[in-house]
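Note sheet for the following structure.
Residue numbers (my numbering): 6 to 66.
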């Protein structure tokens, strides 16, 4: 849910999202990429498809 006064700065399209094996989106990783904190993404061992994270970083706006 986005509030009524929120404005988007950027929209980035991706082939996929970083998800756990149970299918939950790892918003923590997306948040760190958006804040340019790619050097410390934390534990990524539970990712279903780790290549998606690298793809998002490489195609970052």
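Think of the CB as a built atom: it goes at the ideal place given N, C-alpha and C, for glycine as much as any other residue. As the structure is a prediction and not an experimental result, all values here were calculated from the model.
By the CB criterion at 7 angstroms, residue 24 and residue 30 fall inside the cutoff. The shortest C-alpha to C-alpha distance from residue 61 to any of 7, 18 and 45 is the one to 18.
When the beta-carbon positions are compared, residue 26 and residue 53 come within less than 7 angstroms of each other. Per DSSP, residue 37 is one residue of the alpha helix (DSSP H) stretching across 32 to 39.
Comparing alpha-carbon positions, the option among 56, 16, 11 and 32 lying closest to residue 66 turns out to be 16. Residue 62: member of the alpha helix (DSSP H) spanning 56 to 63, first to last residue.
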